[in-house]
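**Q** Numbering (UniProt numbering) for the sequence shown: 1 to 177.
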Amino acid sequence: MTDVQTETGADTQVEQAGSASTRRVVLMGAGGLGAAAVLAACGTATGTNPNGTDYAATPAPAGSKGPAAGGGGNTGGDSGGAAAGAALALVADVPAGGGIIQGDYVITQPTQGTFKAFTKICTHQGCEVGEVKNGTINCPCHGAKFSIEDGSVAGGPAPKPLAETKVKVDGDNIVAA
Ligand code: FES
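#1: Pick out whichever of A83, G85, L90, G81 has its Cα sitting closest to the Cα of D172.
#2: State buried or exposed for P157, treating a residue as buried only when at least 16 other CB atoms are found within 10 Å of its CB.
#3: For G126, is the beta carbon positioned less than 8 angstroms from some heavy atom of the ligand NAP?
#4: For the beta strand (DSSP E) containing P161, list its first residue and its last residue.
#5: Since Q125 is in the beta strand (DSSP E), which residue starts that stretch and which ends it?
#6: Within 10 Å of its beta-carbon, does V169 have 16 or more other beta-carbons around it, so buried, or fewer, so exposed?
#7: What's the C-alpha gap between A144 and D104?
#8: Looking at the structure shown, is D170 part of a helix, part of a strand, or coil, going by DSSP?
#9: Checking 9 angstroms against the spacing of the C-beta atoms, do V167 and A154 come in under that value?
#10: Please state whether DSSP places M91 in a helix, a strand or coil.
#11: Put P140 into one of helix, strand or coil per three-state DSSP.
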């Protein structure tokens, strides 16, 4: 099943020059230029990966989860949102040298006994990452890869790391710290 949602761009306002004060028109004009610059930047940011894939033109593959509702990616930082003490996974479920995707998180065990948790929302265009394999957290949409150790970008088009949520082991559980 394909589950892709497309975000619309910023609303465009058209203002009649004769119906507003000069100051407002100037301000609106400046804002418009800013928006145009941003749009132009977006329009030229259609890079390709080493495989020649055009990220912007590549739809999410069938079976992948598209950008989360309300998208926009995460804002970085420790903003996972899990309350301290909230159980994210069972210790026994997270393989050493790998990880699992559970709930809103990717929980990894980069080295024996060390656990990390990251948001599962890709920083590229907001898809949910799809697997943890060969030491990286992989997004199915455009091939972004993130380190299981610190969420840093290990490949693909992602512009920044996955946001980390601090965790600790509490008995059989990995819980938000
Ligand atoms: S959304 Fe593009 S690589 Fe993840």
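Glycine included, C-beta positions come from ideal geometry on N, C-alpha and C.
**A** Judging by the given coordinates:
#1: The shortest C-alpha separation from D172 is found at L90.
#2: buried
#3: For the structure depicted, the ligand NAP is absent and the ligand set comprises only the ligand FES.
#4: Taken as a continuous stretch (DSSP letters only), P161 belongs to no beta strand (DSSP E), as it is neither H nor E.
#5: It is not in any beta strand (DSSP E) - Q125 carries neither H nor E in the DSSP assignment.
#6: Exposed.
#7: 18 angstroms
#8: strand
#9: no
#10: This sequence places Val at residue 91; Met is not what is there. Helix, per DSSP.
#11: coil
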